[in-house]
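Residue numbers (our numbering): 21 to 517.
Next comes the structure, spelled out in structure tokens:
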């Protein structure tokens, strides 16, 4: 019994030695084997394209995309063909998509099969994808809708001779495979189009029409026709003239073309829906009375910034200095005036008090009465202080209607309420009867009150109840478009527009 254990150990050792000799192919048995790494199988996938779960309408365009992975070496390329349109594979290509146009179908459905293979030089994998193209009777009408960006035009006024563009989109219920044509009618030009695939059109130099109607409809490949989508508005001679009386310059004194275009675009957007024309004093010169004929309202925009203020405001020096002037004759004939700009009252101001026949008194509603603000009787002779009767809004800081933190006086007065909430002291600024302040100076951006806090900086003058002018003694251009749009709408409504 004592000799069995050594024999067993001897036997086990012999087996280990045999395994080491027979099982190791490397020179050093403790090193790993240098056999070829394991490679995954070559695989091919169609990522997108029609299949038998959908029916593709005849004359459609279809696209297939694909990818592959695995293989023993780099992908050599792909080949494909569409049966029965094609009969065999083409040359190898590195492309990963293929598109076919105007596929023909039948009422019972025509079966197409897309064949695709990939090769890595040693292996080839093939996949197929079948789908049906049908020309079966389609009785469902498509739909078409004018773009929502056109909604502002409904009920609006456009000036004769201006341009207008229309955009629309249609749907036949086939998603990416929809294929529609469109027809439009524009009544002012009696223009009825052929059936087109375009989804937009522009008309230039449009004539007067009331109403002007644009309508568009869609037609699918089965000749089903949608209902018309229609929009109506008015085209008439412009009755509002916007005058640009400020030229923006850079620090070198050169014309700032970008700023000029931005300002014009700003006013065009705020006046959208009104029939208006434009006048640029730098390009056209100061308008004569004949240039204002036919307009009901003149909007004279003398916007400026303090750093680049125009020292020659034509609003005053070329138009408003004389008792009889272009603007005074225009207003006397029943025209309405809106003026804007932070410097206009400084240029209009001649004396304190202004003379009764001065422009700011006759047409803007500033009082010509010299107002005694204080009499100091502690000195001999007594000293009299007179109240200023003109408005300055250099510290104007609020933003209408935003309610932004840091602007506690924002929207202090809603222009649509035409100043009904205004609380100001007659002992500070004096207007004539019929002048209604609609804006007052708010807080500085740091929250402090400026010296002219609460003083009117915007008002409407309507002597005898008939609106004559509106003065916005601040730079309207620096505010958001909706701010000015709301303000002008309220004022133009007062002016009968």
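Even glycine gets a Cβ: it sits at the ideal position worked out from N, Cα and C.
Query: Burial state of residue 360 (16 or more Cβ within 10 Å); Result: buried
Query: Pair within 8 Å by beta-carbon distance, residue 6 and residue 61; Result: Look at the range of the chain in this structure, 21 to 517, and you will see that residue 6 is not part of it.
Query: Exposed unless 16 or more other CB atoms sit within 10 angstroms - verdict on residue 288; Result: exposed
Query: Inter-residue spacing [alpha-carbon to alpha-carbon] between residue 291 and residue 266; Result: 18 Å
Query: Residues bridged to residue 165 [DSSP beta-bridge criterion]; Result: 189
Query: Distance cut-off 7 Å: residue 293 Cβ against heavy atoms of the ligand SAM; Result: The ligand SAM is absent from the structure shown, which contains no ligands of any kind.
Query: Simplified DSSP state of residue 489, which is helix, strand or coil; Result: strand
Query: N-terminal and C-terminal residue of the beta strand (DSSP E) that residue 173 is part of; Result: Looking at the DSSP string, residue 173 is not in any beta strand (DSSP E), and its letter there is neither H nor E.
Query: Close beta carbons around residue 453, own chain, < 8 Å, minus the five adjacent residues each side; Result: 483
Query: Own chain residues within Cβ distance below 6 Å of residue 79, not counting five before or after; Result: 122, 241
Query: DSSP beta-bridge partners of residue 457; Result: 479
Query: Sequence-distant residues of the same chain with beta carbon closer than 6 Å to residue 492, five excluded per side; Result: 360, 478
Query: Residue 268 and residue 239 closer than 8 Å at C-beta; Result: no
Query: Secondary structure of residue 350, DSSP reduced to three states; Result: helix
Query: Span of the beta strand (DSSP E), counted from its first residue to its last, around residue 233; Result: 229-239
Query: First through last residue of the beta strand (DSSP E) which encompasses residue 206; Result: 201-206
Query: Neighbour-count burial assignment, residue 175, 16 or more Cβ in a 10 Å radius; Result: exposed
Query: Residues of its chain near residue 146, where Cβ-Cβ distance is below 6 Å and the 5 sequence neighbours each way are ignored; Result: 137
Query: Residue interval of the alpha helix (DSSP H) (run including residue 283); Result: 277-290
Query: Residue 513, enclosing alpha helix (DSSP H) - first and last residue; Result: 501-514
Query: Same chain, Cβ closer than 6 Å to residue 234, neighbours up to 5 away in sequence not counted; Result: 186, 206, 251
Query: Alpha-carbon to alpha-carbon, residue 485 and residue 200; Result: 57 Å
Query: Proximity winner among 183, 219, 394, 117, relative to residue 209 (alpha-carbon distances); Result: 183
Query: Residues that DSSP places opposite residue 299 in a beta bridge; Result: 263
Query: Nearest-angstrom Cα separation, counted from residue 508 out to residue 480; Result: 11 Å
Query: Reduced DSSP secondary structure (H/G/I, E/B, other) of residue 222; Result: strand
Query: Among 144, 118, 382, 104, nearest to residue 125 - alpha-carbon criterion; Result: 104
Query: Cβ neighbour criterion (16 or more within 10 Å) applied to residue 55; Result: A caution first: residue 55 carries a pLDDT of 47, below 50, which makes its placement in the model unreliable, though a value can still be read off. It counts as exposed.
Query: Alpha-carbon to alpha-carbon, residue 403 and residue 395; Result: 6 Å
Query: DSSP bridge partner residues for residue 404 (one or two, in chain order); Result: 395
Query: Beta-carbon proximity check, residue 188 vs residue 211, cutoff 8 Å; Result: no
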